[in-house]
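Residue numbers (the working numbering), protein chains in the order written: chain D, 24 to 373; chain G, 258 to 792.
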């Protein structure tokens, strides 16, 4: 083995396939769901942040990390507020006493506020943190790869829906820039848009600007030949309908499986759903809607990342050792992308 | 070959016919320039070539447009994608992806080009447009000139026979415009691509044209022919042609080089203009003191000192991204400087709001339409009367002074670009601000609208309001004879009277001064007078 293969920083930088990142992120989410240990959650959270910071690029969603951290803080605070209002004091020293509001019987007879105990508060923080970790683990992949690259690896059946999403995402910064400009313009006319009523007046020009931009973009796409290649064998629409049907059956199956795990009907629906999805994706591969420039490869690196994901789930389900040892193993596995994966192109500015 | 065969076109919602009975054969492999006022139907004519009109815009098309044998009635724009490439007026809004390389690949992906040959085509197009270094960059981060070249490259990858461009240089500074035009010139000469461009800034582009399509507007007959013949009949001409017409030069010069043939012999007889230095009032209206502004990693202004005195007109020149707009923002208190002080009549502009603001500062931004918030001109006027606490009708009086023909019940959005600018200017001037700031006011204006703006600005300039204009338009600066402050990378690199600074500059000198170099003449009037004086 050559030395350069051991040190990814020496390798040529490239994007790792988004599916591999999703596998890694979702497995981290599963680990966080299955575990009830605070230490594990802290380690999972730390590992994910470390990977996000290591692989951040100017070209992925640059502010995603800040956004995720703010989201985490919000979730924990929200959970604490819920605890303060609805929590029942069941032990530990009383930290403070809030005014009590007893709800009438027809509202369940719950009493709001009251004593806040340390045990309850600590449990609330731990629970909030677990929730935050799960959500951040599940959305980490989105921050690691630009949405346009995710689009490349989408099956043709959902390509158009994906394209719409990516274009809409691209519109957001433009929209906020427009809004800022219009607010400035209102101030220049001598009436800063501070009141809601004045801000609503800006909505109309804002919509008009966006429509103009959309028309320009539509014209440009049409002139470049968007939507030209149509196949005669399988209609694009048919494939999309099969896919959507499969997805809906999937949702139906999973929700009922959560309630009633051992039903033949549920399992049948699940198998049918998977079948439909596989069929539609396979069919859509035959629809030659477009060709893809520099499609992302699914190479050794991506397979290793998926193996890591499977190992993570296996460790958290099967390993019955000391909780601390287990969390350290999980921590190590979660950090392994730093060794396995090459850096994304673009790097950091300054 | 593009064939217009008695083409007429009208949009559904307007009874008016935009184009009436136009027939022409545009030869392949040439540079065709479309000339006309705003709203004359130039863009419609361009849209007809690849069928965007009527397929996407709607409307009624009579007659036939044939493009290399394809009739646009039968073929949609998407079907013509490898024959016609279109670059829209605002390339930034037409980008589908967010990275240069992806944007170039996008058009090929749509056509199902084999991925194996995509790489080579991208490399070639990037080479041709000088984008090799920036293939991996985000389109958002590029300068306006680079974005324009990316937009061209991203349609070139499909090897079109025809390239259509709507105002390719009007948002660009002179140097960036030259880069884009040089690239277009290469496409015509080396690759035999037919280029059809509409442009207002004729002084930049006319010399490259093999033929001109003159669109007079109001459904009057469109003429097509040799540039010199078209310029002879066109109302819209660049300074060098106006000069030739005034002085009766024959054949009519279309470029500085052609005009030099007439002036080389007489230049010795002419005299320099002795600059009358009308020293502005000593009273300081606005100033910045060692102001620095930073956007992320980019330093927009560096320790900048800048003063505006009473009754003077200052033009800020510089390339895209030199800090012109930022300086205006700082003066209006919209951009907060990192260090340094700003003063407008010894107040900090950031702390002036509402009523006080419009009595001190008038600001016309790059998109003047942003300032218009109401459904009719009348309501806009009443709004200004209220916010500026003026007697009812004051603003309306100002508007009719700037735009005598204007109907007050019309929607501001239905006005032409030039009218809208003058309307905004009138609304801004109604409160008689001490300082008027204009950002890029001539962008998208035709010569007609520009000369009205010029007259209005001269009138404002001597009414006690100081004017600061950030612009690329050297012809405007020459006509205004303003004090010039030249910025580069956030620093002042030259300062002085227009006559000194412009004539000394290579990129920013007006056409007349190039024709009469080394004399210090700036405008057509001055040149005509000088020749009269010499007999």
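Heads up, the beta-carbon is just placed ideally off N, CA and C, and yes, glycines get one too.
By alpha-carbon positions, which one of 754/G, 420/G, 462/G and 449/G ends up nearest to residue 436/G? One-based indexing of the second chain puts residue 436/G at position 179. Of 754/G, 420/G, 462/G and 449/G, the residue nearest in Cα terms is 462/G.
Which one or two residues does DSSP pair with residue 289/G in a beta bridge? Sequence index remark: in the second chain, residue 289/G carries index 32 (1-based). Beta-bridge pairing by DSSP links residue 289/G to 453/G and 468/G.
Measuring straight from C-alpha to C-alpha, what distance separates residue 222/D and residue 384/G? For the purposes of this step, residue 222/D is taken as residue 199 along the first chain, with counting starting at 1. For the purposes of this step, residue 384/G is taken as residue 127 along the second chain, with counting starting at 1. If you take the alpha carbons of residue 222/D and residue 384/G, they lie about 47 Å apart.
Quick check on DSSP: helix, strand or coil for residue 438/G? Position 181 of the second chain, counted from the start, is the residue given in the question as residue 438/G. Helix.
Could you check whether the Cβ of residue 297/G sits closer than 7 Å to any heavy atom belonging to the ligand SAM? Because no ligand of any kind appears in the structure shown, any question about the ligand SAM cannot be addressed here.
C-alpha gap between residue 285/G and residue 551/G, whole angstroms: Numbered from 1 along the second chain, position 28 holds the residue referred to as residue 285/G. Numbered from 1 along the second chain, position 294 holds the residue referred to as residue 551/G. Cα to Cα, the separation comes out at about 48 Å.
Nearest chain G C-beta to residue 314/D closer than 8 Å, yes or no? For the purposes of this step, residue 314/D is taken as residue 291 along the first chain, with counting starting at 1. Taking Cβ atoms only, chain G reaches closer than 8 Å to residue 314/D, which makes this a yes.
Whole angstroms are fine: how far does the CA of residue 667/G sit from the CA of residue 614/G? Walking along the second chain from the start, residue 614/G turns up at place 357. Walking along the second chain from the start, residue 667/G turns up at place 410. Computed Cα separation, rounded: 28 Å.
Any chain G beta carbon closer than 8 Å to residue 37/D: On the first chain, position 14 is the one that residue 37/D refers to. Chain G, which has no Cβ nearer than 8 Å to the Cβ of residue 37/D, makes this no.
Please work out which residues of its chain come closer than 8 Å, Cβ to Cβ, to residue 647/G, disregarding the five sequence neighbours upstream and downstream, and give them in chain order. If you number the second chain from 1, residue 647/G lands on position 390. Same-chain partners within the cutoff: 641, 687 and 688.
In whole angstroms, give me the CA-to-CA distance for residue 24/D and residue 362/D. The count along the first chain starts at 1 and reaches residue 24/D at position 1. The count along the first chain starts at 1 and reaches residue 362/D at position 339. Note that residue 24/D has pLDDT 43, beneath the 50 cutoff, so the model's placement of it is unreliable and the number below is only indicative. Using only the alpha carbons, I get a separation of about 15 Å.
Measure from the C-beta of residue 368/D to each C-beta in chain G and report whether the shortest distance is under 8 Å. Indexing the first chain from 1 puts residue 368/D at position 345. Yes - at least one Cβ of chain G is within 8 Å of the one on residue 368/D.
Please return the same chain residues whose Cβ sits closer than 7 Å to the Cβ of residue 175/D, not counting the five positions on each side in sequence. Position 152 of the first chain, counted from the first residue, corresponds to residue 175/D. The residues are 315, 318 and 319.
Let me see if you follow: with CB-CB separation under 8 Å, is residue 614/G close to chain D or not? For the purposes of this step, residue 614/G is taken as residue 357 along the second chain, with counting starting at 1. Yes, contact with chain D.
Name the chain D residues whose beta carbon is nearer than 7 Å to that of residue 757/G? The residue given as residue 757/G occupies position 500 in the second chain. By Cβ distance, chain D contributes nothing, its closest Cβ being about 33 Å from residue 757/G, past 7 Å.
What does the Cβ neighbour count give for residue 312/G, buried or exposed, with the cut at 16 atoms within 10 Å? On the second chain, position 55 is the one that residue 312/G refers to. Buried, by the Cβ-count rule.
So, does the CB of residue 610/G fall closer than 8 Å to a CB anywhere in chain D? Indexing the second chain from 1 puts residue 610/G at position 353. Chain D, which has a Cβ nearer than 8 Å to the Cβ of residue 610/G, makes this yes.
In this structure, how does DSSP classify residue 786/G when only helix, strand and coil are distinguished? For the purposes of this step, residue 786/G is identified with residue 529 of the second chain, where counting begins at 1. Residue state, collapsed to three classes: helix.
What are the boundary residues of the alpha helix (DSSP H) that residue 228/D is part of? Taking the first residue of the first chain as 1, we reach residue 228/D at position 205. Note, residue 228/D: alpha helix (DSSP H), 226 to 246.
Of the residues 409/G, 417/G and 396/G, the one placed nearest residue 193/D, counting alpha carbons only: Locating residue 193/D in the first chain gives position 170, where the first residue counts as 1. For the residues 409/G, 417/G and 396/G, the minimum Cα distance to residue 193/D belongs to 396/G.
The segment 301 to 318 of chain G touching the segment 490 to 507 of chain G, judged by at least three CB pairs closer than 8 Å: No, they do not touch.
With 8 Å set as the bound, which would you pick, yes or no: does the beta-carbon of residue 255/D sit closer than that to a beta-carbon of chain G? As a working mapping, residue 255/D is identified with position 232 in the first chain. The predicted model places residue 255/D with a pLDDT of 46, which falls under 50 and marks its position as unreliable, so this point remains unresolved.
Who are the Cβ neighbours of residue 189/D in its own chain at under 7 Å, not counting the five residues just before and after it? By one-based count along the first chain, residue 189/D stands at place 166. Once the five neighbours on either side are set aside, the close Cβ partners of residue 189/D are 170, 171 and 174.
Residue span of the alpha helix (DSSP H) that contains residue 806/G, given as start and end: What the structure shows of chain G is the stretch from 258 to 792, and residue 806/G is not part of that stretch, so it cannot be assessed.
Against chain G, does residue 171/D count as a neighbour if the rule is that its beta carbon must be under 8 Å from one of theirs? Reading the first chain from its first residue, position 148 is the one you call residue 171/D. Yes, residue 171/D lies at the interface with chain G (some Cβ there is under 8 Å from its Cβ).
For residue 268/G, which three-state DSSP category applies? Numbered from 1 along the second chain, position 11 holds the residue referred to as residue 268/G. Correct three-state label for residue 268/G: coil.
Considering only the beta carbon of each residue, do residue 702/G and residue 446/G sit closer than 8 Å? As a working note, residue 702/G is residue 445 in the second chain. As a working note, residue 446/G is residue 189 in the second chain. No, the Cβ-Cβ distance between residue 702/G and residue 446/G is not below 8 Å.
CB-CB under 6 Å to residue 607/G, same chain, minus the five flanking residues each way: which ones, in chain order? Locating residue 607/G in the second chain gives position 350, where the first residue counts as 1. Closer than 6 Å at the Cβ level, and outside the excluded window around residue 607/G, lie 590.
Neighbourhood of residue 229/D by C-beta distance below 8 Å, restricted to the same chain and skipping five residues each side: Numbered from 1 along the first chain, position 206 holds the residue referred to as residue 229/D. Excluding positions up to five away in sequence, the list reads 198, 201, 202 and 205.
Under the rule that 16 or more other beta-carbon atoms within 10 Å means buried, what is residue 581/G, buried or exposed? Within the second chain, numbered from 1, the residue matching residue 581/G stands at position 324. With 16 or more Cβ atoms within 10 Å of its Cβ, residue 581/G is classed as buried.
Contact set for residue 649/G: own chain, Cβ-Cβ below 8 Å, skip 5 residues either direction: In the second chain, the residue the question calls residue 649/G occupies position 392. Answer for residue 649/G: 639 and 642, listed in chain order.
Mind reading off the beta-carbon distance from residue 559/G to residue 752/G? Whole number of angstroms is fine, and I expect it under 8 Å. Within the second chain, residue 559/G is the residue found at index 302, counting from 1. Within the second chain, residue 752/G is the residue found at index 495, counting from 1. No, residue 559/G and residue 752/G are not in contact; Cβ-Cβ is about 15 Å, not under 8 Å.
For the 8 Å Cβ check, are there 3 or more pairs between the segment 65 to 82 of chain D and the segment 346 to 362 of chain D? A contact exists between the segment 65 to 82 of chain D and the segment 346 to 362 of chain D.
Mind reading off the beta-carbon distance from residue 87/D to residue 160/D? Whole number of angstroms is fine, and I expect it under 8 Å. What you label residue 87/D is simply residue 64 of the first chain in a count that begins at 1. What you label residue 160/D is simply residue 137 of the first chain in a count that begins at 1. Not a contact, Cβ separation roughly 14 Å.
Could you tell me whether the segment 463 to 483 of chain G touches the segment 418 to 428 of chain G, where touching means 3 or more Cβ pairs closer than 8 Å? no
Buried or exposed, going by whether 16 or more other CB atoms sit within 10 Å of the CB of residue 728/G? Position 471 of the second chain, counted from the start, is the residue given in the question as residue 728/G. Result: buried.
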